[in-house]
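If you read the sequences in order, they're chains P and E.
Just so we're aligned, residue 15 is where the first sequence starts under the working numbering, counting upward by one.
Just so we're aligned, residue 22 is where the second sequence starts under the working numbering, counting upward by one.
Just so it is clear, CB atoms sit at the ideal spot from N, CA and C, and this is done for glycine as well.
Every value quoted in this text rests on a predicted model; they were computed, and no experiment measured them.
Data block below; observations after.
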Amino acid sequence: MSSTSTLHEHTRQDDVHLGETKVVRLKHPGRWLAVAVIVLIIAMVIETMFTNPRFRWDIVWSFFLAPQILDGLRVTVTLTVIAMVIGLVLGTIVALMRLSANPVLKAAGFAFVWLVRGIPLLVQLIFWYNISALFPVINIGIPFGGPVFASFNANTVMTAYTAAILGLGLNQAAYMAEIIRGGIQSVDEGQLEAAATLGLGRITTIGRIVLPQAMRVIIPPTGNETITMFKTTSLVSVVAVADLLYSTQLIYARNFQTIPLLIMASLWYLILISALSVGQSYLERYYARGTKRNTPLTMRHHIGRHYGNLRRLMAREQNFPGGRA
Amino acid sequence: MSTVPLIREDAAPRKENAVMSQTAMVRFSRVSKSFGDHQVLKDITFNVEPNKVLVLLGPSGSGKSTLLRCVNQLETIDGGRIEVNGELVGYKEKAGKLHQLHERDVLRQRMQTGMVFQNFNLFPHLTALENVCIGPVRARKQNRAEVYKRAHALLERVGLGHRTYAYPRQMSGGQQQRVAIARALAMEPELMLFDEPTSALDPELVGEVLDVMKGLAAEGMTMIVVTHEIGFAREVADNVVFMDQGVIVESGSPDEVFNNTRHQRTRDFLAKVL
């Protein structure tokens with residue numbers, strides 16, 4: 015990608031003169047054909063959006079800022095944040111367990127990841143929600159007749175919301191553990207030795223040397239995980255947690271305007287995920303410091319560049335940056 | 022080079038006023054070490070005196086780097102003992118038994134020794150200045166302002182006053198290695214270990230690193246240097262040890278080892294590296 019764009023920097027001049035000889039540029043008829051097809055599809059979509067009355071845009075907008083929807087949105091955002099925080103903290107612990115020299119910790123970390131990743135999240139959510147069928151009373155204590163430290167009634171503790179947090183959080187922890195483990199393993203052994211010779215302890219070495227470097231590898235997939243989690247929270251509608259999707263479902267169950275309301279919910283998902291993507295690019299930029307001689311571009315620069323490409327395409331067919339068409 | 026000293030004059034308690042029987046800075050006695058079935062160190066015994074420079078020579082696989090790494094416990098030995106500054110490395114002797122040291126004590130022992138690696142091993146996410154400061158601030162828990170002041174002076178001293186805020190990737194190999202030396206010195210060690218410090222450098226950049234090391238030697242730092250730079254060994258070393266296949270083949274002053282070589286194996290090696 016970068017080599018292609020540098021290559022094209024040279025061909026971007028308006029006129030190339032090689033001595034007296036006239037330069038005839040290479041034509042790209044295939045690109046124009048592709049553009050024509052895309053434009054046609056866009057035109058069709060726009061036409062139907064504006065002329066098909068069944069879209070009911072009036073309903074889309076009238077519910078867009080409805081209190082139930084905003085409440086649902088709040089639940090969705092909160093669940094995402096909580097699941098990601100649990101995922102990061104528990105995931106880091108599990109990752110360190112899996113990298114531990116202690117074989118028991120190692121095996122426990124592996125077993126956790128294996129179990130949680132191996133069972134569909136939907137199944138886990140329903141399972142946690144119905145845990146009281148298995149354990150009507152939850153006792154925390156020493157098994158086989160030992161003392162009991164705490165005792166809960168499962169039905170009061172395990173609300174739909176708790177089940178959702180537990181299911182999403184554990185699931186996220188399992189995935190994050192693998193991402194964090196990969197990040198930690200990507201840090202060169204020499205870094206640990208250098209830290210050791212400076213007398214830095216284990217905790218300091220992990221916190222100050224290993225994790226900051228692992229972040230560069232951990233952040234991009236974590237951004238993807240956050241985006242995925244934001245959409246995955248919609249699964250909690252099966253246990254009747256009033257997230258964005260469930261709130262939407264409640265409304266169209268009454269007025270039967272299924273499509274307009276789903277469009278409305280989709281718009282909210284798209285808006286928030288776009289915002290997350292922008293945040294992700296800034297985070298990546300921050301953690302890439304010191305790893306490249308030039309800091310990578312932010313979203314703003316990317317948009318500026320693509321806009322520039324588009325303008326050039328419209329101005330002169332020859333200079334469309336190729337390679338991806 | 023500049024007149025600012027690389028090491029503090031009052032830094033290391035010099036051995037003149039220490040216990041009589043403990044004159045050596047490093048004492049290797051009958052050290053042995055194996056990786057699996059392969060014995061890399063066999064019965065190594067020698068001393069490094071304070072304020073002296075010892076150069077370890079030998080072909081790759083001779084065990085010289087391993088020996089160096091045993092001194093600050095990056096590797097553990099299987100037999101014999103190593104003492105640094107009169108203190109047994111890695112163990113505590115109590116009632117006729119050797120007790121393995123806790124992490125805290127291992128770290129304390131390591132802080133007495135600075136190490137410079139072949140691949141620099143600077144922390145890429147920290148600037149030159151932060152690389153130099155992290156040890157004293159985080160491990161020695163010294164006052165941050167004072168450490169930063171000293172770090173500025175150290176970087177100035179290794180000729181990198183203008184690269185203070187550069188990240189390692191933005192520096193040449195020679196500059197990185199000089200930052201690595203400053204980083205080790207910031208801990209105010211009593212002993213410096215150099216593991217082929219110039220082997221990863223372009224030939225043109227070797228000189229600037231060796232100059233810093235010569236300055237350090239001139240100021241009386243005790244150093245163990247694994248290197249293939251015979252010129253440096255001739256000029257700076259007080260003692261030279263030649264190792265092959267885990268044993269010391271020959272040792273002595275640079276003049277003895279280089280000009281009056283006794284063993285054929287040493288002669289063959291020197292003929293190849295010179």
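Distance CB(residue i)-CB(residue j) smaller than 9 Å
| i | j | result |
| --- | --- | --- |
| residue 230/E | residue 199/E | yes |
| residue 141/E | residue 227/P | no |
| residue 102/E | residue 109/E | yes |
| residue 238/E | residue 257/E | yes |
| residue 129/E | residue 212/P | no |
| residue 174/P | residue 100/P | no |
| residue 264/P | residue 248/P | no |
| residue 275/P | residue 74/P | yes |
| residue 240/E | residue 157/E | no |
| residue 87/P | residue 286/P | yes |
| residue 89/P | residue 257/P | yes |
| residue 57/E | residue 267/E | no |
| residue 237/P | residue 298/P | yes |
| residue 231/P | residue 93/P | no |
| residue 212/E | residue 92/E | yes |
| residue 248/E | residue 224/E | no |
| residue 243/E | residue 188/E | no |
| residue 281/P | residue 78/P | yes |
| residue 246/P | residue 135/P | yes |
| residue 152/P | residue 168/P | yes |
Per-residue contacts from residue i into chain E (C-beta, under 7 Å)
| i | result |
| --- | --- |
| residue 6/P | One cannot answer for residue 6/P here, as it falls past the ends of chain P, which runs 15 to 339. |
| residue 223/P | 144 |
| residue 210/P | 95 and 131 |
| residue 204/P | 138, 140 and 142 |
Spatial distance of residue i from residue j (CA atoms)
| i | j | result |
| --- | --- | --- |
| residue 45/P | residue 54/P | 14 Å |
| residue 64/E | residue 80/E | 18 Å |
| residue 42/E | residue 207/E | A caution first: residue 42/E carries a pLDDT of 46, below 50, which makes its placement in the model too unreliable to give a value. |
| residue 215/P | residue 87/E | 22 Å |
| residue 160/P | residue 154/P | 10 Å |
| residue 114/E | residue 104/E | 12 Å |
| residue 177/E | residue 292/E | 38 Å |
| residue 227/E | residue 195/E | 7 Å |
| residue 225/P | residue 301/P | 11 Å |
| residue 140/P | residue 262/P | 21 Å |
| residue 253/P | residue 229/P | 35 Å |
| residue 19/E | residue 139/E | In this structure chain E extends from 22 to 295, so residue 19/E is not present and cannot be described. |
| residue 202/E | residue 128/P | 45 Å |
| residue 283/E | residue 275/E | 13 Å |
| residue 207/P | residue 33/P | 59 Å |
| residue 43/P | residue 61/P | 27 Å |
| residue 284/P | residue 291/P | 10 Å |
| residue 111/P | residue 201/P | 17 Å |
| residue 235/E | residue 137/E | 14 Å |
| residue 181/P | residue 49/E | 58 Å |
| residue 68/P | residue 288/P | 27 Å |
| residue 389/P | residue 114/P | The question about residue 389/P has no answer, for chain P in this structure spans 15 to 339. |
| residue 75/E | residue 166/E | 35 Å |
| residue 14/P | residue 132/P | The displayed coordinates of chain P run from 15 to 339. Any statement about residue 14/P would go beyond what the structure contains. |
Contact belief for residue i with residue j at Cβ below 8 Å, rounded distance in angstroms
| i | j | result |
| --- | --- | --- |
| residue 241/P | residue 179/P | Rounded, the Cβ-Cβ distance is 19 Å, inconsistent with contact. |
| residue 134/E | residue 214/E | 6 Å |
| residue 55/E | residue 61/E | 7 Å |
| residue 52/E | residue 82/E | Wrong, their Cβ atoms sit about 17 Å apart, outside the cutoff. |
| residue 152/E | residue 184/E | Not quite, the Cβ-Cβ distance comes to about 11 Å (not below 8 Å), so this is no contact. |
| residue 260/E | residue 272/E | 7 Å |
| residue 222/P | residue 109/P | With 8 Å as the limit, residue 222/P and residue 109/P do not qualify as a contact, their Cβ atoms being about 17 Å apart. |
| residue 150/E | residue 112/E | Actually they are not in contact, since the Cβ atoms of residue 150/E and residue 112/E sit about 36 Å apart, beyond 8 Å. |
Distance cut-off 8 Å: residue i Cβ against heavy atoms of the ligand FAD
| i | result |
| --- | --- |
| residue 184/E | For the ligand FAD, the structure offers nothing, since it holds no ligand at all. |
Proximal chain E residues relative to residue i, where beta-carbon distance stays under 8 Å
| i | result |
| --- | --- |
| residue 147/P | What residue 147/P touches in chain E: nothing, since even the nearest Cβ is about 47 Å away. |
| residue 214/P | 128, 155, 156, 159 and 160 |
| residue 239/P | The contacting residues do not exist; residue 239/P stays about 22 Å from chain E at best. |
Under 7 Å from the C-beta of residue i: neighbouring residues of chain P
| i | result |
| --- | --- |
| residue 136/E | 211 |
Contact set between residue i and chain E, taken where Cβ atoms lie within less than 9 Å
| i | result |
| --- | --- |
| residue 160/P | Under the 9 Å cutoff, chain E gives no residues; its nearest Cβ is about 32 Å from residue 160/P. |
| residue 298/P | By Cβ distance, chain E contributes nothing, its closest Cβ being about 14 Å from residue 298/P, past 9 Å. |
| residue 34/P | Chain E residues near residue 34/P: none, gap ~45 Å exceeds 9 Å. |
Listed by chain order, chain P residues near residue i by CB distance under 9 Å
| i | result |
| --- | --- |
| residue 124/E | 215 and 216 |
Interface residues of chain P facing residue i [CB-CB closer than 8 Å]
| i | result |
| --- | --- |
| residue 208/E | 212 and 213 |
Enumerated in chain order, which unbroken segments of the beta strand (DSSP E) with a length of 3 residues or greater are wholly contained in the segment 78 to 121 of chain E?
100 to 105, 112 to 115 and 118 to 121
For the segment 78 to 118 of chain P, list the beta strand (DSSP E) runs that are entirely contained and at least 3 residues long, ordered along the chain.
Runs found: none.
Curious, which full-length alpha helix (DSSP H) runs of at least 4 residues does the segment 226 to 294 of chain P contain?
258 to 269
Quick one: complete beta strand (DSSP E) runs, 3+ long, within the segment 211 to 281 of chain E?
212 to 216, 243 to 247, 260 to 265 and 268 to 273
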